[in-house]
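What follows is a single structure, written as structure tokens, with notes after it.
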Amino acid sequence: MVLADFSKRSHQLEIIDAPHLLSPSEWRAILRELRIVNRWLGGSRAALQEIKPLIQEIAGEKTDKRPVEIVDLGSGSGDIPMALVTWARRAGYSLRVLAVDVDPTVCKIARRQTLHFPEITVLQGDVSRPPLREKGCDLILCSAFLHHFTDSKIATLLRSLLLTTRKGVVISDLHRHPLAYWGIRLFTFLFSRSKAVRNDGPLSVLKGFRRPEVEAILDAAGVPRARVKWRWAFRYVVFISATPSCHPKLVG
Numbered sequence: 001m002v003l004a005d006f007s008k009r010s011h012q013l014e015i016i017d018a019p020h021l022l023s024p025s026e027w028r029a030i031l032r033e034l035r036i037v038n039r040w041l042g043g044s045r046a047a048l049q050e051i052k053p054l055i056q057e058i059a060g061e062k063t064d065k066r067p068v069e070i071v072d073l074g075s076g077s078g079d080i081p082m083a084l085v086t087w088a089r090r091a092g093y094s095l096r097v098l099a100v101d102v103d104p105t106v107c108k109i110a111r112r113q114t115l116h117f118p119e120i121t122v123l124q125g126d127v128s129r130p131p132l133r134e135k136g137c138d139l140i141l142c143s144a145f146l147h148h149f150t151d152s153k154i155a156t157l158l159r160s161l162l163l164t165t166r167k168g169v170v171i172s173d174l175h176r177h178p179l180a181y182w183g184i185r186l187f188t189f190l191f192s193r194s195k196a197v198r199n200d201g202p203l204s205v206l207k208g209f210r211r212p213e214v215e216a217i218l219d220a221a222g223v224p225r226a227r228v229k230w231r232w233a234f235r236y237v238v239f240i241s242a243t244p245s246c247h248p249k250l251v252g
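Residue 91 in my numbering is what sits at position 91 of the sequence shown, and the numbering runs on without skipping anything.
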């Protein structure tokens with residue numbers, strides 16, 4: 001048995017990093033189990049806690065009746081967009097979400113999942129080069145997405161994303177920590193039937209971040225000031241303002 005190395009980020013490929021090798025039935029099982037994992041371990045909640053106040057802020061700043069426009073990169077089956085739209089409907093906010101994923105099978109599943117959410121558009125596209133125009137949306141969300149890339153690729157992508165959003169970028173990703181690793185190993189061992197989830201869950205933690213690494217990536221992207229928070233369960237949540245003069249201090 002190979003011991004887990006927490007000293008640096010792993011760059012080993014996950015099974016889902018080769019999506020074309022997975023069958024539709026395998027994808028359905030993976031996405032179903034990921035919804036359970038996120039529900040029980042707070043993955044979606046961490047992103048939602050950060051993004052909801054920003055939606056309220058953006059809506060308050062608008063001088064017209066246009067909806068708040070959000071892009072969710074690496075959206076999977078659209079769980080977070082659906083949660084956001086459900087909340088926005090109850091709270092009285094008009095929302096439009098573009099859910100982007102690279103795999104056609106995943107997008108097909110997401111379109112089926114979001115059938116009763118006309119506010120959500122699912123788009124198949126290169127998530128590392130999203131087809132977004134300059135200042136074309138209010139907010140961009142990257143939830144459990146950036147750990148699939150190297151530090152330098154993340155910095156390059158963030159620089160690009162900040163040109164396409166009017167308000168900023170929200171990141172929610174994994175804290176590389178032994179408790180997170182062994183916790184997800186136990187959870188998936190007990191509850192998962194998917195080989196991909198049992199493999200990729202723990203591996204995702206090893207590909208996750210420690211706070212100094214988060215700050216170094218932000219610095220490399222030309223974002224020396226951002227709001228960084230730690231949230232349960234073992235998530236770093238970051239907000240980067242698209243207006244440089246408005247970057248909040250590093251906190252959390």
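Glycine included, every Cβ here is placed at the ideal spot set by N, Cα and C. Keep in mind the model is a prediction, meaning the values are calculated, not measured.
Rounded C-alpha distance that separates residue i from residue j
i: residue 34; j: residue 77; result: 9 Å
i: residue 117; j: residue 218; result: 34 Å
i: residue 153; j: residue 88; result: 33 Å
i: residue 104; j: residue 96; result: 21 Å
i: residue 69; j: residue 48; result: 15 Å
i: residue 222; j: residue 131; result: 22 Å
i: residue 56; j: residue 93; result: 8 Å
i: residue 187; j: residue 208; result: 18 Å
i: residue 247; j: residue 3; result: For residue 247, the pLDDT reaches just 48, beneath the cut-off of 50, and the residue's location in the model is therefore unreliable, leaving the point undetermined.
i: residue 252; j: residue 200; result: A caution first: residue 252 carries a pLDDT of 48, below 50, which makes its placement in the model too unreliable to give a value.
i: residue 184; j: residue 65; result: 43 Å
In DSSP terms, what residue i is bridged to
i: residue 227; result: 239
i: residue 70; result: 97, 139
i: residue 209; result: 175
i: residue 165; result: 137
Beta-carbon proximity list for residue i, same chain, < 8 Å, skipping 5 on both sides
i: residue 6; result: 176, 177, 178, 181, 206
i: residue 114; result: 78, 81, 82, 99, 120, 122
i: residue 126; result: 102
Nearest-angstrom beta carbon gap, residue j and residue i [assumed within contact, 8 Å]
i: residue 242; j: residue 168; result: 5 Å
i: residue 170; j: residue 30; result: Actually they are not in contact, since the Cβ atoms of residue 170 and residue 30 sit about 24 Å apart, beyond 8 Å.
Nonlocal neighbours in the same chain, by C-beta distance under 6 Å from residue i, ignoring five residues either side
i: residue 255; result: In the structure as shown, the chain starts at 1 and stops at 252, and residue 255 therefore has no counterpart that could be examined.
i: residue 172; result: 46, 47, 143, 235, 237
Cβ shell of residue i (< 7 Å), same chain only, five flanking positions each side left out
i: residue 250; result: In this predicted model, residue 250 has a pLDDT of only 49, less than 50, meaning its place in the structure is not dependable; the value taken from the coordinates is given anyway. The residues are 215, 225, 226, 228.
i: residue 38; result: 44, 79
Three CB pairs or more closer than 8 Å across the stretch 157–167 and the stretch 185–194
no
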